[in-house]
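Engineer: Following this message is one structure expressed as structure tokens.
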Amino acid sequence: FGSLLAGAGALELLFSHNTPLVQFSFFTLTDLHAGGLLIGIGMGFFTSANWAWAIDLAPREQGGKFLGLTNLATAGATVVTSLFGPIISFLNARDAGSGFTLMFFVALIGFFLGAVLLGNVKETAGKKSPIANGK
860 FGSLLAGAGA
870 LELLFSHNTP
880 LVQFSFFTLT
890 DLHAGGLLIG
900 IGMGFFTSAN
910 WAWAIDLAPR
920 EQGGKFLGLT
930 NLATAGATVV
940 TSLFGPIISF
950 LNARDAGSGF
960 TLMFFVALIG
970 FFLGAVLLGN
980 VKETAGKKSP
990 IANGK
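To get the numbering used here, take the position in the sequence shown, counting from 1, and add 859.
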């Protein structure tokens, strides 16, 4: 659910024009805020479920190893994606906003691809690994 919600936020940001949606006396909520809010809430759902699922799917005796790998994948993705900053800046310099359009399009694909791939994971909560049993 979280990756689909975040994907909806990325899709919304592809078509945003900083249009006001709701006006308060002290704050204006725009379509940019709404897209960011959807991504933030979606990532909150995804991350908490991701860690819970990692605990459930990991063999009990190897939980630390698999939680470490989960953290490496999460933090590693942040490091790798930051390397694309110069590409986004280059595209934005050539055509205003085009780098961000590419970024949100790639994010959209990633969110929906992740949702599809995670749908194929089979539940193995609490099962002992064959390695621990000497098999």
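Ideal Cβ placement from N, Cα and C applies to all residues, glycine included.
1. So what does residue 888 bridge to, in DSSP terms?
2. For residue 887 and residue 893, I'd like the C-alpha separation in whole angstroms.
3. Count the other C-beta atoms from every protein chain shown that fall within 10 angstroms of the C-beta of residue 946, then say buried if there are 16 or more, exposed otherwise.
4. What is the rounded straight-line gap between the Cα of residue 923 and the Cα of residue 912?
5. Using only alpha-carbon positions, find the residue among 961, 948, 950, 862 that is nearest to residue 897.
6. Indicate whether the contact test is met: 3 or more Cβ pairs, each with one atom in the region 868 to 878 and one in the region 904 to 918, closer than 8 Å.
7. Just confirm the distance between the C-beta atoms of residue 890 and residue 878, as a whole number of angstroms; I'd bet it's less than 8 Å.
8. Could you give the residue range of the alpha helix (DSSP H) that holds residue 949?
9. According to the Cβ coordinates, are residue 902 and residue 934 closer than 8 Å?
10. Since residue 909 and residue 929 are thought to touch, with beta carbons under 8 Å apart, how far apart are those beta carbons, to the nearest angstrom?
Structural biologist: Here's the rundown:
1. Its beta-bridge partners are 881.
2. Each residue's alpha carbon lies about 11 Å from the other.
3. With fewer than 16 neighbouring CB atoms inside 10 Å of its own CB, residue 946 falls in the exposed class.
4. Their Cα atoms are separated by approximately 14 Å.
5. Closest by alpha carbon: 862.
6. With the cut-off at 8 Å, the region 868 to 878 and the region 904 to 918 do not touch.
7. Yes, residue 890 and residue 878 are in contact; Cβ-Cβ is about 5 Å, under 8 Å.
8. Where residue 949 is concerned, the enclosing alpha helix (DSSP H) stretches over 944 to 953.
9. Note that the C-beta distance between residue 902 and residue 934 is not below 8 Å.
10. Contact between residue 909 and residue 929 holds: their C-beta atoms lie close to 7 Å from each other, under 8 Å.
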